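Peer 1: From first to last, the protein sequence lines stand for chains A and B.
Note that the numbering used here gives residue 157 to position 157 of the first sequence, counting from 1, and the numbers run on in steps of one.
With positions in the second sequence counted from 1, the corresponding number in the numbering used here is that position plus 1000.
Ideal Cβ positions, reconstructed from N, Cα and C, are used throughout, including at glycine.
Keep in mind that this is a model prediction, so the values were computed, not measured.
Quick one: structure below, then a few questions.
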Amino acid sequence: MTVESLYPFLYEGRTDVNAVLAEVSRSTAEKAHEIVALREHIATTYADRLPVCAAALAASFGNGGRLFTFGNGGSSTDAQAVAQLFLDPGPGARALPAIALTTDVAVVTALANDVGFEVVFARQIAAFARPGDIAVGLSTSGGSANVLRAFEEARQRGMVTVGFAGYDGGRMATADAIEHLFVIPSSSVHRIQEAQTTTYHVLWELTQQALG
Amino acid sequence: MTALDAGPVRSAFARRVPAGEALADDAEAVARACHDMARRFAAGGKLIVFGSGSAATDAQHLAVEFVHPVIVGKRAFPAISLTGDVATLTGVASREGVHEVFARQLRLLADPDDIALGLCTVGACPMVLGGLRAARDLGLLTLALMGGDGGAAARATGAEHVFVVHSDDPRVVKEVHVTTYHVLWELVHVFFEHPGALDVGLPA
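As structure tokens, then:
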């Protein structure tokens, strides 16, 4: 969709800065309402499956499991946010072992340069994982090759696997290696990321509750 | 699984609705911030982003949005996060204190036409406030995305655009911040694609 098709009146004549401002304001409010509605939809869709996943995570942590996170681009920052949330949640919550596989630039660039980007995360999982650990991967498209490969490695090693995807779930939707999959059904990368953030926050809350 | 077991999920999502809806009340303020940002970019400025704790990841997220747009055909803008250089972060923190971590980097990396954007979810973070003050002293356009009771402290730094999510839950604050900066990114382009709108300031 072009900007022109979204805001046709802006192209009809001389730019009126106040008209642009009004349109941008309207668009802001619209997006705010959009994400609230999308979250409501996710709450209904995953009302049963989020507690099941949280119970699996709590069981893993109870047995000494660690959580590993991964994703590319904007999702790499979500991977770091998930790890930070479990590891350093602040007052009143239980801190749990979690590592983001995206933060060690030496390892990421070494693997990408020496082998190929598709093994970034999978090789790290192979090096770190123990059975019963947790793998959390995020991809808005659901189609990131290295994320899918990391899930395969994780599942082979007996990890609990949790995926976050957008659109229709892409290849992640049919990947047997992902036990707990949360798909955000939106066509906007931004709304997907925003709803994913809420979903992993709620999953964390439920995990804390399950750990008691 | 019974309906009762699903209760915690429902209530966790329901707790987020007021803060999410409240962003719409800030729509005009967001639009004005986009206009100011677009004018800085048009003048050759870059965006410098920083945040502490979980918001450090948002700083990197926002920088990648501008540098590598997710929507094909959108213009790339220069943006850098000050949270990525762990050697500098830990070096400055241990030598000079946390309040200097972003301020020091800004003094070396910022140009007067730049934009500074600081994020904090837990109220008044000294690290972020130090960055905002340094940015104002350098004449940057300064934006703050805050939460809890952090609004007054951010305004006290002189930051031009301060957005506050009124929630005591830093997770909820973060979620609204993500929407806010996604909107800032997207709507900067609307002004930018109308060069006439960049030539003039807005009435207060």
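Could you compute how far the alpha carbon of Glu30/A sits from the alpha carbon of Asp1026/B?
Peer 2: If you number the first sequence from 1, residue 30/A lands on position 30. If you number the second sequence from 1, residue 1026/B lands on position 26. Each residue's Cα considered, the two are about 12 angstroms apart.
Peer 1: Taking 8 angstroms as the limit between beta carbons, can you name the residues of its chain near His1099/B, skipping five residues before and five after?
Peer 2: Within the second sequence, the letter at position 99 stands for residue 1099/B. The residues are Pro1126, Met1127, Leu1129, Gly1130.
Peer 1: Residues in its own chain within less than 8 angstroms of Gly1020/B by CB, not counting five upstream and five downstream?
Peer 2: Position 20 of the second sequence, counted from the start, is the residue given in the question as residue 1020/B. Hits under 8 angstroms: Glu1175, Val1176, Thr1179.
Peer 1: Can you give the Cα-Cα distance for Ala106/A and Pro1078/B, rounded to whole angstroms?
Peer 2: In the first sequence, the residue the question calls residue 106/A occupies position 106. In the second sequence, the residue the question calls residue 1078/B occupies position 78. The straight-line gap from Cα to Cα measures roughly 24 angstroms.
Peer 1: Which residue comes first and which comes last in the beta strand (DSSP E) that contains Leu1143/B?
Peer 2: As a position in the second sequence, residue 1143/B is number 143, starting the count at 1. Per DSSP, Leu1143/B belongs to the beta strand (DSSP E) from 1141-1147.
Peer 1: Which whole runs of the alpha helix (DSSP H) in the stretch 1048-1125 of chain B are 4 residues long or more, in chain order?
Peer 2: 1054-1067, 1086-1096, 1101-1109
Peer 1: How would you list, in chain order, the residues of chain B whose beta-carbon sits under 7 angstroms from the beta-carbon of Glu205/A?
Peer 2: Within the first sequence, the letter at position 205 stands for residue 205/A. Under the 7 angstroms cutoff, chain B gives Ala1012.
Peer 1: According to DSSP, is Gly1201/B part of a helix, a strand, or is it coil?
Peer 2: In the second sequence, the residue the question calls residue 1201/B occupies position 201. Coil.
Peer 1: Is the shortest distance between the beta-carbon of His1182/B and the beta-carbons of chain A less than 8 angstroms?
Peer 2: Against the second sequence, residue 1182/B aligns to sequence position 182. By this cut-off, His1182/B is an interface position.
Peer 1: Measuring only from the beta carbon, is Arg1010/B closer than 7 angstroms to any heavy atom that is part of the ligand ZN?
Peer 2: As for the ligand ZN, it is missing from this structure, which has no ligand bound.
Peer 1: List the residues of chain B whose Cβ lies closer than 8 angstroms to the Cβ of Thr77/A, in chain order.
Peer 2: Translated into the one-based positions of the first sequence, residue 77/A becomes position 77. Within 8 angstroms Cβ-Cβ: Thr1057, Asp1058, Gln1060, His1061, Val1064.
Peer 1: Measuring only the C-alpha atoms, how far is Leu1132/B from Val115/A?
Peer 2: Working through the second sequence from its first residue, we reach residue 1132/B at position 132. Working through the first sequence from its first residue, we reach residue 115/A at position 115. Spanning the two alpha carbons is a distance of roughly 42 angstroms.
Peer 1: Answer with yes or no whether the minimum CB distance from Arg139/A to chain B is below 8 angstroms.
Peer 2: Sequence index remark: in the first sequence, residue 139/A carries index 139 (1-based). First, the residue type needs correcting, since residue 139/A is Ser and not Arg in the sequence shown. Taking Cβ atoms only, chain B never reaches closer than 8 angstroms to Ser139/A, which makes this a no.
Peer 1: Grouping DSSP H, G and I as helix and E and B as strand, with all else coil, what is Leu1187/B?
Peer 2: Translated into the one-based positions of the second sequence, residue 1187/B becomes position 187. Three-state result, Leu1187/B: helix.
Peer 1: For Val961/B, which residues does DSSP report across the bridge?
Peer 2: Missing from the structure shown is residue 961/B; chain B here goes from 1001 to 1204 and no further.
Peer 1: Apart from the five residues on each side of it in sequence, which residues of its chain come closer than 7 angstroms, Cβ to Cβ, to Gln1060/B?
Peer 2: Counting from one through the second sequence, the residue named residue 1060/B turns up at place 60. Taken in chain order, the residues that qualify are Ser1081, Thr1083, Gly1084.
Peer 1: When the Cα atoms are used, what is the spatial distance from Val1101/B to Arg1039/B?
Peer 2: Within the second sequence, numbered from 1, the residue matching residue 1101/B stands at position 101. Within the second sequence, numbered from 1, the residue matching residue 1039/B stands at position 39. For Val1101/B and Arg1039/B, the distance between alpha carbons rounds to 28 angstroms.
Peer 1: Determine, using beta carbons only, whether Arg1171/B comes closer than 8 angstroms to chain A.
Peer 2: As a position in the second sequence, residue 1171/B is number 171, starting the count at 1. Interface residue, yes.
Peer 1: Any C-beta of chain B sitting closer than 8 angstroms to the C-beta of Glu194/A?
Peer 2: Position 194 of the first sequence holds residue 194/A. For Glu194/A, the answer is yes, since a Cβ of chain B falls inside 8 angstroms of its Cβ.
Peer 1: Rounded to a whole number of angstroms, what is the C-alpha to C-alpha distance between Arg1075/B and Gly1051/B?
Peer 2: For this step, residue 1075/B is matched to residue 75 along the second sequence. For this step, residue 1051/B is matched to residue 51 along the second sequence. Their backbone Cα atoms lie some 25 angstroms apart in a straight line.
Peer 1: Could I get the ranges of all uninterrupted alpha helix (DSSP H) runs contained in the stretch 122-165 of chain A, with 4 residues as the minimum, in chain order?
Peer 2: Here the runs fully enclosed are 122-128, 145-156.
Peer 1: Determine, for Glu40/A, whether the minimum Cβ-Cβ distance to residues of chain B falls below 8 angstroms.
Peer 2: Along the first sequence, read from residue 1 onward, the residue named residue 40/A stands at position 40. Glu40/A counts as touching chain B.
Peer 1: So, is the C-beta of Thr15/A closer than 8 angstroms to a C-beta in chain B?
Peer 2: Here residue 15/A is taken as the residue at index 15 of the first sequence, counted from 1. At least one chain B Cβ lies under 8 angstroms of Thr15/A.
Peer 1: For a cutoff of 8 angstroms on Cβ pairs, would you count Ala56/A as touching chain B?
Peer 2: For the purposes of this step, residue 56/A is taken as residue 56 along the first sequence, with counting starting at 1. No, Ala56/A lies away from the interface with chain B (no Cβ there is under 8 angstroms from its Cβ).
Peer 1: Have a look at Ala154/A and Trp204/A and give me their C-alpha separation to the nearest angstrom.
Peer 2: Residue mapping note: residue 154/A aligns to position 154 of the first sequence, counting from 1. Residue mapping note: residue 204/A aligns to position 204 of the first sequence, counting from 1. Roughly 20 angstroms between the two C-alpha positions.
Peer 1: Output the distance between the C-alpha atoms of Cys1034/B and Arg66/A, rounded to the nearest integer angstrom.
Peer 2: Counted from its first residue, the second sequence places residue 1034/B at position 34. Counted from its first residue, the first sequence places residue 66/A at position 66. Distance between the alpha carbons of Cys1034/B and Arg66/A is about 41 angstroms.
Peer 1: Hey, Val162/A and Ile134/A: beta-carbon distance below 8 angstroms or not?
Peer 2: As a position in the first sequence, residue 162/A is number 162, starting the count at 1. As a position in the first sequence, residue 134/A is number 134, starting the count at 1. Contact: yes.
Peer 1: Please list, in chain order, all residues of the same chain as Arg1010/B whose beta carbon is under 7 angstroms from its beta carbon, the five residues on each side excluded.
Peer 2: Along the second sequence, one-based indexing puts residue 1010/B at 10. Closer than 7 angstroms at Cβ, skipping near neighbours: no residue.
Peer 1: Answer with yes or no whether the minimum CB distance from Leu87/A to chain B is below 8 angstroms.
Peer 2: For the purposes of this step, residue 87/A is taken as the residue at position 87 of the first sequence. No, Leu87/A lies away from the interface with chain B (no Cβ there is under 8 angstroms from its Cβ).
Peer 1: Give a yes or no on whether the minimum CB-CB distance between Thr1179/B and chain A is below 8 angstroms.
Peer 2: The residue given as residue 1179/B occupies position 179 in the second sequence. With 8 angstroms as the cut-off, Thr1179/B counts as an interface residue toward chain A.
Peer 1: Which residue wins for smallest C-alpha separation from Pro185/A, given the options Ser27/A, Ser25/A, Ala37/A, Thr15/A?
Peer 2: Here residue 185/A refers to the residue found at position 185 of the first sequence. When only C-alpha atoms are compared, the closest one is Ala37/A.
Peer 1: Can we say the stretch 1146-1153 of chain B touches the stretch 180-199 of chain A, given the rule of at least three CB pairs closer than 8 angstroms?
Peer 2: The stretch 1146-1153 of chain B makes no contact with the stretch 180-199 of chain A: fewer than 3 CB pairs, one atom from each, lie closer than 8 angstroms.
Peer 1: Hey, how far is the Cα of Asp1169/B from the Cα of Gly74/A?
Peer 2: Locating residue 1169/B in the second sequence gives position 169, where the first residue counts as 1. Locating residue 74/A in the first sequence gives position 74, where the first residue counts as 1. Rounded to whole angstroms, Asp1169/B and Gly74/A show a C-alpha spacing of 23 angstroms.
Peer 1: Let me see if you follow: with CB-CB separation under 8 angstroms, is His180/A close to chain B or not?
Peer 2: For this step, residue 180/A is matched to residue 180 along the first sequence. Closer than 8 angstroms: no.
Peer 1: Rounding to the nearest angstrom, what Cα-Cα distance links Val1017/B and Ile35/A in this structure?
Peer 2: The residue given as residue 1017/B occupies position 17 in the second sequence. The residue given as residue 35/A occupies position 35 in the first sequence. So the two alpha carbons sit approximately 10 angstroms from each other.
Peer 1: Closer than 7 angstroms by beta-carbon distance: list the chain A residues that pair up with Cys1034/B, in chain order.
Peer 2: Taking the second sequence and counting its residues from 1, one reaches residue 1034/B at position 34. Ordered by position in chain A, the residues that pass the 7 angstroms Cβ test against Cys1034/B are Val24.
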